[in-house]
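J.: Can you keep this structure in mind? I'll have questions shortly.
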Amino acid sequence: MNSAIRIENVSKRYGNLVALDKVSFDVEQGELFGLIGPDGSGKSSLYKILATLSIPETGSAKVCGHDTVTDYKAIRTEIGYMPEKFSLYQDLTVSENLNFFASLFGVSVKDNFDLIAPFFGQLERFPHRKAGALSGGMKQKLALSCALIHRPRVLLLDEPTTGVDAVSRSEFWDVLAMLRQKGISILVSTSYMDEADRCQRIAMINKGRILTIDTPANLVAGIGENLYNAVAPDMFRLLVALRKLPQVIDCYTFGATLHVVARSDFNPAQATAQLTSEGITDVRIYPAKGNIEDLFIKLTRNEQP
202 MNSAIRIENV SKRYGNLVAL DKVSFDVEQG ELFGLIGPDG SGKSSLYKIL
252 ATLSIPETGS AKVCGHDTVT DYKAIRTEIG YMPEKFSLYQ DLTVSENLNF
302 FASLFGVSVK DNFDLIAPFF GQLERFPHRK AGALSGGMKQ KLALSCALIH
352 RPRVLLLDEP TTGVDAVSRS EFWDVLAMLR QKGISILVST SYMDEADRCQ
402 RIAMINKGRI LTIDTPANLV AGIGENLYNA VAPDMFRLLV ALRKLPQVID
452 CYTFGATLHV VARSDFNPAQ ATAQLTSEGI TDVRIYPAKG NIEDLFIKLT
502 RNEQP
């Protein structure tokens, strides 16, 4: 099977800043592929290259078999691109934005509306509302609709759920699953680690480098080994004390608890007794189930000199 996206040893610099460092991975046809990493990790720089808005310094990138440098005109008809920042015309209405983007590709909204109809929802009731007056979730749906109006083969979505409420985020990922069922290949980036489970495969990126690539299930398998939750009324004091224990490799905040990465000889009961003797009361340490965020922390810790 030919890849929908193929990236080979792509590097990009901005002055002395290395935005991308020999990045390589493929997105298969009909795949929902996630690019997971924090702000400033190089995600947007890679998207600009794939969308033919920037040129790699080294390496190559292909979309639907077309090179992003030499075949950029062909690529622009094959992709739907949704940048991180809302880029539609805020003083145009919902209907005007849709018709404008359709006209750019020589298509009509009416002939292609069936693709966006399942999620267009409330927007259809407010065709004359200006885009700038829409809520975050509505803006997101309008931007996605405009990116899809010409029936692209590949969707490039750069942090599409940033600043959107939890319900709208979940609905958006349901939409992506539906679009994948229609055969559209999707590369979606996010800094929300919990969204990784919605992808078929993910690549974790940090400081312009790919850390690992696999299915979410394969990546977290075994990450819970020697991983524990720890809680106490005085969480800061507990954090400081745990980091001093020789059997503890790392300890960091994780929601309402601490996650403790320990050596194989770590004994929760003995650690609790020692912490209690130091005056830290009501300590509880119990096994934790690792997830993508734990893996990312582990990989970035291993990168440090």
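Per this note's numbering, the sequence shown starts with residue 202, numbered consecutively.
No residue lacks a Cβ here, since even glycine has one placed at the ideal position from N, Cα and C.
From a predicted model like this one, the values you see are computed outputs, not experimental measurements.
1) How would you label residue 215, buried or exposed, when you count the other beta carbons within 10 angstroms and need 16 or more for buried?
2) For residue 310, which residues from the same chain have a beta carbon less than 7 Å from its beta carbon, with the 5 sequence-adjacent residues on both sides left out?
3) What does the alpha-carbon distance come out to for the pair residue 494 and residue 275?
4) Does the Cβ of residue 485 have 16 or more other Cβ atoms within 10 Å, making it buried, or fewer, making it exposed?
5) Please name the residue in 442, 428, 455 whose C-alpha comes closest to that of residue 490.
6) In this structure, does DSSP put residue 388 in helix, strand or coil?
7) Using a threshold of 8 Å, state whether the C-beta atoms of residue 388 and residue 357 are closer than that.
8) Nearest to residue 322 by alpha carbon, out of 295, 394, 396?
9) Hey, out of 230, 402, 213, whose CA is closest to residue 203's CA?
10) Is the stretch 446 to 455 touching the stretch 397 to 408 in the sense that three or more CB pairs, one from each, lie closer than 8 Å?
11) Do we get a CB-CB distance below 8 Å when we pair residue 390 with the residues of chain C?
12) I'd like to know whether the C-beta atoms of residue 345 and residue 324 end up nearer to each other than 8 Å.
13) Output yes or no for whether 8 Å exceeds the beta carbon distance between residue 212 and residue 259.
14) With 16 other CB atoms within 10 Å as the buried threshold, where does residue 379 fall?
15) From this set, 478, 237, 445, 220, which residue's C-alpha is nearest residue 249's C-alpha?
16) Along the chain, where does the alpha helix (DSSP H) that runs through residue 421 open and close?
17) Got a sec? Which residues, its chain only, sit under 6 Å from residue 412 by beta carbon, not counting five neighbours each side?
18) State the DSSP-derived secondary structure class of residue 327, mapped to helix, strand or coil.
19) Measuring alpha carbon to alpha carbon, tell me which of 277, 244, 232, 233 ends up nearest residue 222.
20) Under the assumption that residue 340 contacts residue 332 (Cβ atoms under 8 Å), give the Cβ distance between them as a whole number of angstroms.
21) Going by beta-carbon coordinates alone, are residue 431 and residue 420 separated by less than 8 Å?
22) Can you tell me which of 465, 436, 434 puts its alpha carbon nearest to the alpha carbon of residue 449?
23) Do you know offhand how far residue 282's Cα is from residue 383's?
T.: Reading it off the structure:
1) exposed
2) 299, 300, 303, 350
3) 38 Å
4) exposed
5) 428
6) strand
7) yes
8) 295
9) 230
10) no
11) No chain C appears in this structure, which consists of one protein chain only.
12) no
13) yes
14) exposed
15) 220
16) 417 to 421
17) 405, 500
18) coil
19) 244
20) 7 Å
21) no
22) 465
23) 18 Å
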